[in-house]
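A quick write-up on the structure given underneath.
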Amino acid sequence: MNPYGGSESRRQVLPDGIRIKDDVLPPGSIIGGDVYTIHHNPEIFPDPFRFQPERWIVGNGVTAEDVKAREGAVFTFSYGVRSCPVKGLARMELAVTMARLIFQYDFRSVPGDTEGQGNHEMGWGGGRQKTQFQVWDYRKW
Ligand code: HEM
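Add 480 to a position in the sequence shown, counting from 1, and you land on the number used in the working numbering.
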């Protein structure tokens, strides 16, 4: 629901150019895969702004194909040779940290606190989502 950053990781097309489906991109073009858009594609993640961990578990209308498609669309650590080389460690650290926190503490929202919530005055799609913690990327929208 919240990417590590809102923008794409940029890449430059090499001297031979590149074809992506029907588009031919000339050498030197700056391109990137945008994690926020992929993770909010409603064809893969229906109702994408809703926190719904059950979407990862087969049953109750979720098929094994659904889960497979979702797992294939997870772009958190990027893909290819320049993807995060430490994804295994990062996942393990997150799992251990979250398990420890949940084991040791109870959590609730601070009553009336709206820190981090989006609102209608914010410019772009995700900025308007109340359920999405707002982060700034290297460029402001
Ligand atoms: C949840 C935690 C993490 C996330 C979501 C994450 C995500 C990413 C992503 C998306 C990239 C590719 C950036 C790009 O395409 O330009 C990347 C690269 C990289 N990450 Fe991570 N990362 C995480 C944790 C870590 C940790 C803990 C380390 C080191 C201990 C690490 C080291 C690196 C390095 C060295 C690269 C550059 C690889 C290269 O350019 O060849 N990452 N990470």
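Virtual Cβ for every residue (Gly too), placed ideally from N, Cα, C.
For H520, same chain residues with a beta-carbon under 6 Å away, outside a window of 5 residues either side, are P528 in chain order. In this chain, the alpha helix (DSSP H) harbouring Q584 covers 567-584. Here R491 carries a strand assignment [DSSP, helix/strand/coil]. The shortest C-alpha to C-alpha distance from S509 to any of G497, K548, S589, V615 is the one to G497. Residue range 503-505 is occupied by the beta strand (DSSP E) that includes V504. One alpha carbon belongs to P522, the other to V538, and they sit about 18 Å apart. A contact between stretches requires three or more CB pairs, one per stretch, nearer than 8 Å, and the region 550-563 fails this requirement with the region 500-508. The Cβ neighbour count for Y585, taken over all protein chains shown within 10 Å, is under 16; the residue is labelled exposed.
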